[in-house]
Ligand SMILES: Nc1ncnc2c1ncn2[C@@H]1O[C@H](COP(=O)(O)OP(=O)(O)OP(=O)(O)O)[C@@H](O)[C@H]1O
Ligand SMILES: [Mg+2]
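In the working numbering, the protein residues as written are 66 to 431.
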């Protein structure tokens, strides 16, 4: 799929304008703080109903205005559609697809698939396990509505259970009270575990292949899902999770929250057997994060039948020229939108592209 055009008004510093895009490579250049990232963010918002950092609506509406609008026209092989998002200070976000309001954000997923890569994406490799679970969750939610709803239920039960541990911490019946939630948490947890495991098993060989391409065959990336439930069936996973919750009751009571479950799982990244979280160079970590994102592009294509739109924000920092060239070669059949202070034309190897200048919130094709 590709974005044909975007109408934007009062989104952060962006002026009221329509930006027409190419179904191919689009390069947005400009000095710092001009609105390049803001434009990419608009597309993430149109796709997921939230910004990459889940900002509050009032922070993304222009400071001097009351409301912001984004209308995104999306083309797939067979369809044309429009996603409209209207944000008003003090009101609920309004989202419509083809003029029809939608009630739940879950209904927006799938109208526009994007994969967003920003400098912060390196956190998937470098930071704590939260970031890695968030990466799996975002991707799975885009392709699997059941996953989206299961995750919602899991988090709701987890919150209720955690509140109970805090509120009734001294209650002698706490263990019994918690057991009501445990079965449900274990049931939803086992579903999430199996889907995540399947996702990592699918993405790992693809990321490895792409990583080889980006590093010109010099390095080999391995991605492994780490969970205590490796090799279990759904039933076994459910029982394991429930038992673990019961067995660790005292620890949970002492610490005041649920200490076990799929919200504690992790992913390991290794290059030639070395854990790059601990021992990778900046460039190695960034290349691995990029390979992972590009693997998501391929998996989304395999699941949905269409490539998502690839948004690359400041992607060239820290990766060498050879890797930059390999990256652009890889994006050949995918609508790609790059935001960068400077762009070296020679990187494209002659691929035609549309060039935009971003200055003080105004985007002009040049
Ligand atoms: N709600 C808002 N209203 C008005 N301006 C805002 C709002 N939120 C952020 N901005 C401003 O938008 C400007 C542009 O931000 P953006 O992140 O898009 O820059 P950029 O072109 O990507 O720069 P860089 O090259 O440094 O990444 C910033 O100066 C920021 O202060
Ligand atoms: Mg930026």
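Just so it is clear, CB atoms sit at the ideal spot from N, CA and C, and this is done for glycine as well.
Model, not experiment: these values are computed from the prediction.
For this session: Determine the extent of the beta strand (DSSP E) in which residue 290 is found, giving its start and end residues.
Result: 286 to 291
Exercise. If residue 332 and residue 284 are in contact, beta carbons under 8 Å, what's the gap, nearest whole angstrom?
Worked result: Not quite, the Cβ-Cβ distance comes to about 18 Å (not below 8 Å), so this is no contact.
Exercise. From the DSSP output, which residues share a beta bridge with residue 91?
Worked result: As computed with DSSP, residue 91 is found in a beta bridge with 402 and 419.
Exercise. Given a threshold of 16 other Cβ atoms within 10 Å of its Cβ, counted over all protein chains shown, does residue 396 qualify as buried or as exposed?
Worked result: buried
Exercise. So who's on the other strand from residue 429, going by DSSP bridges?
Worked result: According to DSSP, which records beta bridges pairwise, residue 429 is partnered with 422.
Exercise. Mind checking residue 431: buried by the 16 CB within 10 Å criterion, or exposed?
Worked result: exposed
Exercise. Measuring from the CB of residue 101, is there a heavy atom of ligand 1 at a distance below 7 Å?
Worked result: yes
Problem set entry | N-terminal and C-terminal residue of the beta strand (DSSP E) that residue 142 is part of | Premise fails: residue 142 is in no beta strand (DSSP E) and is neither H nor E.
Exercise. Can at least three beta-carbon pairs, one atom from the segment 315 to 325 and one from the segment 181 to 201, be found at a separation below 8 Å?
Worked result: no
Exercise. Residue range of the alpha helix (DSSP H) that residue 269 falls in?
Worked result: Per DSSP, the unbroken alpha helix (DSSP H) holding residue 269 starts and ends at 239 to 279.
Exercise. Between residue 250 and the rest of its own chain, which residues show a CB-CB distance below 6 Å, the 5 nearest in sequence each way excluded?
Worked result: 222
For this session: Could you check how far apart the C-beta atoms of residue 89 and residue 417 are, in whole angstroms? I think they sit under 8 Å.
Result: 7 Å between Cβ atoms; contact.
For this session: Locate the alpha helix (DSSP H) running through residue 197, then write down its first and last residues.
Result: 194 to 208
Problem set entry | Terminal residues of the beta strand (DSSP E) in which residue 333 lies | Here the beta strand (DSSP E) through residue 333 covers 331 to 336.
Problem set entry | Residue span of the alpha helix (DSSP H) that contains residue 354, given as start and end | 347 to 369
Problem set entry | Beta carbon of residue 133 nearer than 8 Å to that of residue 78 | Their beta carbons are not under 8 Å apart, which means residue 133 does not touch residue 78 by this criterion.
Exercise. Which of the three DSSP states, helix, strand or coil, is assigned to residue 99?
Worked result: coil
Exercise. Is residue 380 helix, strand or coil by DSSP?
Worked result: coil
Problem set entry | DSSP three-state assignment for residue 119, whether helix, strand or coil | In this structure, residue 119 counts as coil in the three-state DSSP scheme.
Problem set entry | Span separating the alpha-carbon of residue 166 from that of residue 301 | 42 Å
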